[in-house]
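First to last, the protein sequences are chains A and B. Anchor point for the first sequence: position 165 equals 165 in our numbering, and the numbering is continuous, going up by one each time. Anchor point for the second sequence: position 231 equals 231 in our numbering, and the numbering is continuous, going up by one each time. No residue lacks a Cβ here, since even glycine has one placed at the ideal position from N, Cα and C.
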Amino acid sequence: MSRDGLLRFADTVNRETAPAPAPMPGGELHLIAFGLDREEYGIKVGQVREVIRVTEITRVPQSPPHVRGVTNLRGRILPVVEIRSRLGLEPAVVTPRSRIIVVDVQDRVLGILVDAVLQVAKVPLDTVTPPPDEVLSPQTDYINGVAHWSGRLIILLELEKVLLLQA
Amino acid sequence: MTQEDNAFKELIDDYVVECLPLAERVADTFVELERRWHAGSVADDLLGSVKGTLHTVKGNSAMMGLAPMQELAHALEDVCALLGRDAELQTEQTAALLVAGGSLLVEQVRAAAKGGDRRRTREFVAQVRALESRASESAATVDRRRGDRRGTAEPGAEPSGSVVRVDFRRLDTLLEVLGEGLIEHSALVEAYRRVARRSEAVEELGDLDRTIVALEKTMKRLEAVVMGIRLLPISTVFGRFPRLLRDIAHGEGKRVRLAVSGGETALDKAVLDRLGEPLLHLLNNAVVHGIETPEERRAGGKPPEAALELSAVSHSGRVVIRLSDDGRGLDEARILAKAEALGLEVRSADPEQIRSLIFLPGFSTAAEVSQLAGRGVGLDVVATSIRGLGGTIDVESQPGRGVTFVLNLPLTLAIVRSLIVEVDQERYAVPISHVAETVRAEPEAIHEINRRGVALWRGDLIHVSDGGALLGTASSPTKARRFFIVISSGGKRRGVMVDRLVGHQDVVVKGLDPTLGRPEVVSGTTILGDGRVACILDAVRILDQRIPA
């Protein structure tokens with residue numbers, strides 16, 4: 001599949017068309033992979049409602065630093081989180097490849113602004129390893145592990161933790 | 001939870017929705033009964049209707065297997081039947097028993113999910129039986145027949161078939177869909193204008209134009225219908241006041257009669273939900289501070305029973321609520337003295353201005369003065385909640401004659417007429433009710449004191465903030481803005497510099513997601529005609545802000 005084809009496919013992903021994966025021998029993770037700068041990150045497909053193109057994002061005065069703003073999702077106000085600031089990266093520059101991943105976490109619907117959506121994939125569980133202790137810190141508890149799969153590294157994120165919904 | 005559990009919960013919810021107003025009506029009637037007996041007047045007319053209402057509550061409770069409520073309603077019915085036959089029993093003691101029973105019934109129906117309180121019901125029923133046996137001793141002819149008496153229709157019951165019950169959340173959804181329709185309509189108008197500018201004198205454009213105008217009218221009507229459905233009578237809030245007032249008055253050793261009018265005046269449920277608390281606060285203040293004891297009143301040549309009047313009328317898209325008492329009135333000299341003690345600058349000897357000082361925060365903590373001045377406990381809280389609803393609060397007073405609070409409220413919070421302004425390419429909606437004026441800002445008209453903007457407006461110097469600084473936009477500090485808007489609420493005013501006045505629009509208010517924190521300068525969001533989201537400025541809180549931008 002071409003990259004554009006993948007993007008189109010990702011745009012149509014939602015709960016209904018992407019049911020939870022059937023358990024396979026050894027197990028696998030059903031992921032949606034997205035890019036931020038040079039790295040690839042993955043979150044569980046089950047938490048993703050849909051992927052939308054970026055339209056106008058309105059800044060909300062005095063909102064927390066990790067909030068990019070709000071956008072109009074078919075008449076509904078969707079808060080858009082700047083996940084990059086949580087991961088220690090510079091704020092995103094919106095390009096034609098940028099997407100908002102609409103996730104449903106703990107009964108809250110939020111958008112995550114990413115540089116690009118790369119793939120929806122089933123990754124075998126036995127490719128997942130913890131990252132080396134040396135690169136972790138108490139603040140990086142949102143990293144669930146790293147999938148080393150078909151020549152790529154996908155950093156697996158725990159959405160509840162990365163979106164600061166723990167409290 | 002199993003499906004049966006869910007179904008049962010729904011049934012219980014239905015039961016509460018249906019029976020709580022009935023139980024409240026019963027309790028209110030008993031309060032009125034007690035008042036009339038106390039005043040030495042007859043109340044037999046009340047007994048007939050209350051028996052019918054009790055009968056319905058009893059039947060519904062039996063159907064749900066709620067034995068305590070069933071028995072309670074039954075016992076109250078018995079007392080009413082007894083009273084109809086034996087006028088000797090019309091004593092304050094019986095009245096107190098009925099009032100207690102009515103309150104217990106309301107309490108139990110409200111908490112129906114818990115199944116009712118068997119112990120307290122048993123205690124109450126025992127008291128009723130004791131009353132009955134005393135009555136039968138004095139009159140051996142007491143007829144104790146009970147059971148089903150009649151099948152007459154409920155007084156005040158809605159004719160079945162013409163009324164449906166709808167979950168209010170579905171009305172919220174309806175409003176959301178309407179909002180989307182309004183937005184799409186404005187988008188259509190904008191698109192039409194773009195086309196009309198380019199194509200010259202195309203005949204079909206006229207048809208399109210007419211259709212758009214017709215659609216606009218239809219949307220307006222649809223909006224009116226949807227808003228009409230969301231409106232509930234204000235009696236849903238007023239309804240619980242007679243009982244609460246009775247308890248407060250008893251506690252204070254005062255006698256009060258509450259006259260309510262305009263209960264049918266309709267307001268959006270969202271406004272009603274936030275109105276009960278401030279109104280109760282005002283009622284409480286009136287009884288505790290405003291109204292004198294019966295002895296004081298007699299000495300002052302007033303009837304010992306104080307009169308409280310609560311009224312509501314709708315007037316050009318707004319609702320005016322008045323609460324008057326015939327108590328001692330405000331002591332303006334003391335208010336003035338307190339203001340000076342607090343270091344507040346009182347520039348005017350105008351009684352109206354002096355009275356409005358009682359809404360300032362400083363007065364709320366001044367317990368001893370408010371006791372003497374007659375008012376002041378937490379009035380700033382009341383004023384803040386009313387202003388938060390986009391309303392105003394004023395006070396009128398005559399020494400020795402009483403106090404009247406006048407609340408002016410919008411019909412709805414769901415759709416707010418707003419001025420759309422632009423600051424550094426960002427658009428904001430400012431509710432028209434808080435915009436006093438829009439002014440073209442001549443550069444020489446804005447001065448600086450302590451590096452903050454001031455301007456002369458209607459003869460007063462007011463603080464003028466830069467919109468960009470207030471809202472934290474990315475702007476160059478030297479940039480000259482072309483307009484300022486004067487926002488006002490509760491006598492406070494402030495100018496805000498903006499780049500452009502875009503126009504007026506009825507905006508559909510959407511809340512702030514908790515993810516967005518608790519911004520002080522915006523109260524909500526809305527979607528504009530072009531589909532973009534705009535924040536709604538919170539004028540009340542901007543005016544309250546101590547830190548000027």
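Please name the residue, chosen from A:R86, A:I154 and A:T55, that lies closest to A:R97 on a Cα-to-Cα basis.
-> Position 97 of the first sequence, counting from 1, holds the residue named residue 97 of chain A. Residue nearest to A:R97 within the set A:R86, A:I154 and A:T55 is A:T55 (criterion: CA-CA distance).
Which whole-angstrom value describes the C-beta separation of B:V540 and B:V421, a residue pair presumed to lie in contact below a C-beta threshold of 8 Å?
-> The count along the second sequence starts at 1 and reaches residue 540 of chain B at position 540. The count along the second sequence starts at 1 and reaches residue 421 of chain B at position 421. With 8 Å as the limit, B:V540 and B:V421 do not qualify as a contact, their Cβ atoms being about 17 Å apart.
Compare the beta carbon distance of B:L501 and B:L419 with 8 Å and say whether it is the shorter of the two.
-> Within the second sequence, residue 501 of chain B is the residue found at index 501, counting from 1. Within the second sequence, residue 419 of chain B is the residue found at index 419, counting from 1. Yes, these two residues count as a Cβ contact at 8 Å.
B:Y428, DSSP secondary structure in three states | Against the second sequence, residue 428 of chain B aligns to sequence position 428. Assignment of B:Y428 by DSSP, reduced to helix, strand and coil, places it in the strand class.
Opposing strand residues paired with B:L171 [DSSP bridges] = By one-based count along the second sequence, residue 171 of chain B stands at place 171. Bridge partners of B:L171: none, in fact.
Buried versus exposed call for B:D466 [16 or more other C-beta atoms within 10 Å across all chains shown] | The sequence position of residue 466 of chain B within the second sequence is 466, counting from 1. Classified as buried, B:D466 has 16 or more neighbouring CB atoms from the shown chains inside 10 Å of its CB.
CB of A:V70 within 8 Å of CB of B:T525, strictly | Taking the first residue of the first sequence as 1, we reach residue 70 of chain A at position 70. Taking the first residue of the second sequence as 1, we reach residue 525 of chain B at position 525. Cβ atoms of A:V70 and B:T525: closer than 8 Å.
Answer with yes or no whether the minimum CB distance from A:Q166 to chain B is below 8 Å.
-> Stepping through the first sequence from its first residue, residue 166 of chain A is reached at position 166. Only weak support is given to the placement of A:Q166: the predicted model assigns it a pLDDT of 46, under 50, and the value that follows is read from those uncertain coordinates. Residue contact with chain B for A:Q166: absent (no Cβ-Cβ distance below 8 Å to any residue of chain B).
In the DSSP assignment, find the beta strand (DSSP E) that holds B:K269 and state where it starts and stops.
-> Looking up residue 269 of chain B in the second sequence gives position 269. For B:K269, there is no enclosing beta strand (DSSP E); the residue is found in the alpha helix (DSSP H) stretching over K269 to D273.
Kindly list the residues whose CB is nearer than 6 Å to the CB of B:G102, restricted to its own chain and excluding five residues on each side of it in sequence; keep chain order.
-> Position 102 of the second sequence, counting from 1, holds the residue named residue 102 of chain B. Contacts found: V26, A27 and F30.
Would you call the stretch 397-412 of chain B and the stretch 305-324 of chain B touching, i.e. three or more CB-CB distances under 8 Å?
-> At 8 Å Cβ cutoff, the stretches touch.
Three-state secondary structure (DSSP) at B:G253?
-> Residue mapping note: residue 253 of chain B aligns to position 253 of the second sequence, counting from 1. Assignment of B:G253 by DSSP, reduced to helix, strand and coil, places it in the coil class.
With 8 Å set as the bound, which would you pick, yes or no: does the beta-carbon of A:Q106 sit closer than that to a beta-carbon of chain B?
-> As a position in the first sequence, residue 106 of chain A is number 106, starting the count at 1. For A:Q106, no Cβ of chain B is located within less than 8 Å of the residue's own Cβ.
Is there contact between the stretch 331-341 of chain B and the stretch 288-302 of chain B, where contact requires at least three CB pairs shorter than 8 Å?
-> The stretch 331-341 of chain B vs the stretch 288-302 of chain B: no contact.
Neighbour list for B:Q532 in chain A, Cβ cutoff strictly below 8 Å | Within the second sequence, numbered from 1, the residue matching residue 532 of chain B stands at position 532. The amino acid occupying residue 532 of chain B in the given sequence is Arg; Gln does not appear at that position. Simply E56, T58 and N72.
With distances taken between CB atoms, is the gap from A:L42 to A:I32 smaller than 8 Å?
-> On the first sequence, residue 42 of chain A is found 42 positions in, with the first residue counted as 1. On the first sequence, residue 32 of chain A is found 32 positions in, with the first residue counted as 1. The identity of residue 42 of chain A in the sequence shown is Gly, whereas the question assumes Leu. The answer is yes: Cβ separation under 8 Å.
Compare the Cα-Cα distances from A:G151 to each of A:N144, A:Q139, A:L163 and A:V128 and report the closest residue.
-> Mapped onto the first sequence, residue 151 of chain A falls at position 151. Closest by alpha carbon: A:V128.
Residues in the stretch 494-526 of chain B having any Cβ partner in chain A nearer than 7 Å | The residues in question are K510, D513, T515, L516, G517, P519, E520, V521, V522 and T525.
Mind the definition here: the stretch 204-218 of chain B touches the stretch 226-237 of chain B only if three or more C-beta pairs lie below 8 Å; say whether that holds.
-> Look at the beta carbons and you see the stretch 204-218 of chain B not touching the stretch 226-237 of chain B: under three pairs across the two are nearer than 8 Å.
Is the CB of B:T365 under 8 Å away from at least one CB in chain A?
-> In the second sequence, the residue the question calls residue 365 of chain B occupies position 365. The pLDDT assigned to B:T365 is 43, lower than 50, so where the model puts this residue is not dependable; a value taken from the coordinates is nonetheless given after this. Not an interface residue.
Do you know whose CA, among B:L357, B:S356 and B:S523, lies nearest B:V430's CA?
-> Locating residue 430 of chain B in the second sequence gives position 430, counting from the first residue. Restricting attention to B:L357, B:S356 and B:S523, the CA atom closest to the CA of B:V430 is found in B:S523.
Through-space distance from B:E88 to B:H74, alpha-carbon basis | Start at 1 with the first residue of the second sequence, and residue 74 of chain B comes out as number 74. Start at 1 with the first residue of the second sequence, and residue 88 of chain B comes out as number 88. Taking the straight line from one Cα to the other gives about 21 Å.
Starting from the beta carbon of B:C535, find every residue of chain A whose beta carbon is closer than 9 Å, and list them in chain order.
-> Mapped onto the second sequence, residue 535 of chain B falls at position 535. Within 9 Å Cβ-Cβ: T58, R59, V60, P61 and V70.
Beta carbon proximity, A:P64 to chain B, threshold 8 Å = Position 64 of the first sequence, counted from the start, is the residue given in the question as residue 64 of chain A. Interface residue, yes.
Which of helix, strand or coil does DSSP assign to B:G467?
-> Taking the first residue of the second sequence as 1, we reach residue 467 of chain B at position 467. When secondary structure is reduced to three states using DSSP, B:G467 falls in the helix class.
Alpha-carbon to alpha-carbon, B:G301 and B:G517 | Numbered from 1 along the second sequence, position 517 holds the residue referred to as residue 517 of chain B. Numbered from 1 along the second sequence, position 301 holds the residue referred to as residue 301 of chain B. So the two alpha carbons sit approximately 57 Å from each other.
Looking at chain B, which residues of the stretch 102-127 of chain A have a Cβ within less than 9 Å of any of its Cβ atoms?
-> Those residues of the stretch 102-127 of chain A placed with their C-beta closer than 9 Å to a C-beta in chain B are R108, V109 and L110, ordered along the chain.
Which same chain residues, not among the five before or five after B:G181, have their C-beta less than 8 Å away from its C-beta?
-> Numbered from 1 along the second sequence, position 181 holds the residue referred to as residue 181 of chain B. Cβ neighbours of B:G181 beyond the five flanking positions: M219 and L222.
With DSSP run on the structure shown, which of helix, strand or coil describes B:P68?
-> In the second sequence, counting from the first residue as 1, residue 68 of chain B sits at position 68. If DSSP states are grouped into helix, strand and coil, B:P68 belongs with the helices.
Output yes if chain B places a C-beta closer than 8 Å to the C-beta of A:T17; else output no.
-> On the first sequence, position 17 is the one that residue 17 of chain A refers to. The predicted model places A:T17 with a pLDDT of 41, which falls under 50 and marks its position as unreliable, so this point remains unresolved.
Among B:E252, B:P242 and B:D273, the one whose alpha carbon lies nearest that of B:L231 | If you number the second sequence from 1, residue 231 of chain B lands on position 231. With distances taken between Cα atoms, B:L231 lies closest to B:D273.
Does the beta-carbon of B:P278 have 16 or more other beta-carbons within 10 angstroms, so that it is buried, or is it exposed?
-> On the second sequence, residue 278 of chain B is found 278 positions in, with the first residue counted as 1. B:P278 should be labelled buried.
Could you please tell me which residues of the stretch 400-413 of chain B, in chain order, have their CB closer than 9 Å to any CB of chain A?
-> Shown here is that no member of the stretch 400-413 of chain B has a Cβ falling below 9 Å from a Cβ of chain A.
B:E176 versus chain A: which residues are under 8 Å apart at the beta carbon?
-> For the purposes of this step, residue 176 of chain B is taken as residue 176 along the second sequence, with counting starting at 1. Within chain A, the residues placing a beta-carbon under 8 Å from that of B:E176 are G75 and R76, ordered along the chain.
Can you give, in chain order, each stretch of the beta strand (DSSP E) that sits fully within the stretch 103-142 of chain B and has at least 3 residues?
-> Listed in chain order, nothing qualifies, since the stretch 103-142 of chain B has no complete beta strand (DSSP E) run of 3 or more residues.
B:L215: contacting residues in chain A (beta-carbon distance under 7 Å) | Within the second sequence, residue 215 of chain B is the residue found at index 215, counting from 1. Here the premise fails: no neighbours, minimum Cβ distance about 18 Å.
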